[in-house]
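Asks: Residue numbers (the working numbering): 10 to 254.
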Amino acid sequence: MARPTKNRQLANLPEFIKEAAWRQITESGASSLSLRGIARELGITAPAIYNYFPDRDALVTALIIDAFSSFGDRQLAARDAFAEPGRELERLRATGLAYRAWALDHPHRYLLIFGNPVPGYQPPMQELTPVMMRSLSGLTSCIAELHTLGRIDLTGIPRPQLAPGDRFCGLLETADGDMLNVYAVAVLIWSRVHGLVSLEISGKLPPFAGDGAALFEFELDSIARQFVRPPKELPSPGSKNGENL
C-alpha cells in the first residue's frame, strides 16, 4: 500500500497504519512492532497514530481482530460453496482445507493470533472472544448440522468441563446437552487440524512426514472416519419402516 496523500490521509490513515504494522511484523517479527517506526515509514507524526490507536496494544488488538475476521471469512466462504443438501461432509472438508490455505497465505497473521506473543501485550478477551469464536463457527456449524442428521459418532467423547470464570462460560452456559457435545467434537477436530497447520507453518513437520498437503488431507480423511457416520440408508422401494416386505 502506498503512502497516504494529504487529501485522503484522514479517511485512509487507520488502514495505512495497520498495513505498515503488518509489514513490520513480516520483516522483523511481532516483538519489533513500533508506533514510531510506523510513523516514520508513513511520513506522519506519532500523535497522528494516537488519534486512532492510543497505544501499541490497541493497534495489536485491531490487527488480531482483522486477522481473525479474515480467517473466519475464508472458512465460511469455503463451507458455503457446498450449500446444497446432502453435501454436509464436503462442507466440513472444505472448511478444513480453507483453514490451512488461509494460514499458508498469511503465515505472519496466523502466528500473531495463535503463536508469537507480543511482549507485554494483554489481550482484551471480552473484545476478542466473539471474533475468535466466529473464526471457528464454520467448523462448529458443520458439526452441528451432521449431529442433527445423526451422523456424529459421540462414542468416548468427553463433555466440556468449564470452570467458573472460564471466558467461554458466557457463550456456552445456555447450551443444551446436544450443543455441548457439538462443541466437544469441534474442539477435538480443531486441535488436530490446528496442530498440523501450526507445525507446517513453523517448519517443524518431521522430514518423514512428506508433503504437508497430502498429510493434511490424510488427517481430514481420518477425522471423517472417526467422527462421521455414513448417511442413514433410505428404505428401499416396497419396504415398511426400512424392512423389506
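Yeah, the Cβ is synthetic: ideal placement off N, Cα and C, and Gly gets one too.
Predicted model only: the values in this text are computed from it and were never measured.
Is it right to say residue 234 is buried, meaning 16 or more other beta carbons lie within 10 angstroms of its own, or is it exposed?
Replies: Sequence index remark: in the sequence shown, residue 234 carries index 225 (1-based). Flag for residue 234 reads exposed.
Asks: Does the beta-carbon distance from residue 107 to residue 83 come in below 8 Å?
Replies: Position 98 of the sequence shown, counting from 1, holds the residue named residue 107. Position 74 of the sequence shown, counting from 1, holds the residue named residue 83. For residue 107 and residue 83, yes; Cβs fall inside 8 Å.
Asks: Going along the chain, which residues of its own chain have a beta-carbon closer than 8 Å to the beta-carbon of residue 159, five neighbours each way excluded?
Replies: As a first step, residue 159 must be located in the sequence shown, where it is residue number 150. Hits under 8 Å: 238 and 241.
Asks: With contact counted as at least three CB pairs below 8 Å, one residue from each stretch, are the segment 130 to 138 and the segment 202 to 220 in contact?
Replies: No: fewer than three Cβ pairs fall under 8 Å.
Asks: Can you give the Cα-Cα distance for residue 26 and residue 43, rounded to whole angstroms?
Replies: If you number the sequence shown from 1, residue 26 lands on position 17. If you number the sequence shown from 1, residue 43 lands on position 34. About 11 Å.
Asks: First and last residue of the alpha helix (DSSP H) that includes residue 84?
Replies: Position 75 of the sequence shown holds residue 84. Segment 65 to 89, the alpha helix (DSSP H) holding residue 84.
Asks: Between the alpha carbons of residue 20 and residue 61, how many angstroms are there, rounded?
Replies: Working through the sequence shown from its first residue, we reach residue 20 at position 11. Working through the sequence shown from its first residue, we reach residue 61 at position 52. Approximately 11 Å between the Cα atoms of the pair.
Asks: How would you call residue 45, buried or exposed, if buried means at least 16 neighbouring beta carbons within 10 angstroms?
Replies: Taking the sequence shown and counting its residues from 1, one reaches residue 45 at position 36. Per the 10 Å Cβ criterion, exposed.
Asks: How would you call residue 104, buried or exposed, if buried means at least 16 neighbouring beta carbons within 10 angstroms?
Replies: Here the question's residue 104 lines up with position 95 in the sequence shown. Burial call: buried.
Asks: Does the distance from the C-beta atom of residue 101 to that of residue 155 stay below 8 Å?
Replies: The residue you call residue 101 lines up with position 92 of the sequence shown. The residue you call residue 155 lines up with position 146 of the sequence shown. Yes, the pair counts as a contact, with Cβ atoms nearer than the cut-off.
Asks: Could you check which residue in 75, 151 and 200 has the C-alpha nearest to that of residue 85?
Replies: Translated into the one-based positions of the sequence shown, residue 85 becomes position 76. Here the closest residue by C-alpha is 151.
Asks: Reducing DSSP to helix, strand and coil, say where residue 232 ends up.
Replies: To locate residue 232, count along the sequence shown from 1; it is residue 223. Helix.
Asks: The ligand NAP and residue 79: does any heavy atom of the ligand fall closer than 7 Å to the residue's C-beta?
Replies: The model on display carries no ligand, and the ligand NAP is accordingly not part of it.
Asks: Can you look up residue 166 in the DSSP assignment and give me helix, strand or coil?
Replies: Reading the sequence shown from its first residue, position 157 is the one you call residue 166. Three-state result, residue 166: coil.
Asks: Between the alpha carbons of residue 191 and residue 153, how many angstroms are there, rounded?
Replies: Sequence index remark: in the sequence shown, residue 191 carries index 182 (1-based). Sequence index remark: in the sequence shown, residue 153 carries index 144 (1-based). So the alpha carbons of these two residues sit roughly 6 Å apart.
Asks: Let's test the definition: count the other Cβ atoms within 10 Å of the Cβ of residue 149 and tell me whether it reaches 16, buried, or not, exposed.
Replies: Within the sequence shown, numbered from 1, the residue matching residue 149 stands at position 140. Buried.
Asks: In whole angstroms, give me the CA-to-CA distance for residue 157 and residue 163.
Replies: Position 148 of the sequence shown, counted from the start, is the residue given in the question as residue 157. Position 154 of the sequence shown, counted from the start, is the residue given in the question as residue 163. One C-alpha to the other measures close to 12 Å.
Asks: Would you call the segment 122 to 129 and the segment 68 to 83 in contact, with 3 or more CB pairs under 8 Å?
Replies: The segment 122 to 129 is in contact with the segment 68 to 83.
Asks: Assign residue 206 to one of three DSSP states: helix, strand, or coil.
Replies: As a working note, residue 206 is residue 197 in the sequence shown. Residue 206 falls in the helix class under three-state DSSP.
Asks: Give the secondary structure of residue 191 by DSSP, where H, G and I count as helix, E and B as strand, and everything else as coil.
Replies: Locating residue 191 in the sequence shown gives position 182, counting from the first residue. DSSP places residue 191 in helix when its eight states are reduced to three.
Asks: Can you check whether the CB of residue 189 is closer than 8 Å to the CB of residue 168?
Replies: The count along the sequence shown starts at 1 and reaches residue 168 at position 159. The count along the sequence shown starts at 1 and reaches residue 189 at position 180. Against a cut-off of 8 Å, the Cβ pair of residue 189 and residue 168 comes out as a contact.
Asks: How would you call residue 30, buried or exposed, if buried means at least 16 neighbouring beta carbons within 10 angstroms?
Replies: Position 21 of the sequence shown, counted from the first residue, corresponds to residue 30. By the neighbour-count rule (16 or more Cβ atoms within 10 Å), residue 30 is buried.
Asks: By the 10 Å Cβ neighbour count, where 16 or more other Cβ atoms means buried, how is residue 93 classified, buried or exposed?
Replies: Stepping through the sequence shown from its first residue, residue 93 is reached at position 84. So residue 93 ends up on the exposed side.
Asks: Excluding five sequence neighbours on each side, which residues of the same chain lie with their C-beta closer than 7 Å to the C-beta of residue 229?
Replies: As a first step, residue 229 is located in the sequence shown; it is residue number 220 there, counting from the start. Closer than 7 Å at the Cβ level, and outside the excluded window around residue 229, lie 102 and 105.
Asks: If the criterion is Cβ atoms closer than 8 Å, does the pair residue 194 and residue 236 meet it?
Replies: Counting from one through the sequence shown, the residue named residue 194 turns up at place 185. Counting from one through the sequence shown, the residue named residue 236 turns up at place 227. A contact, by the Cβ cut-off of 8 Å.
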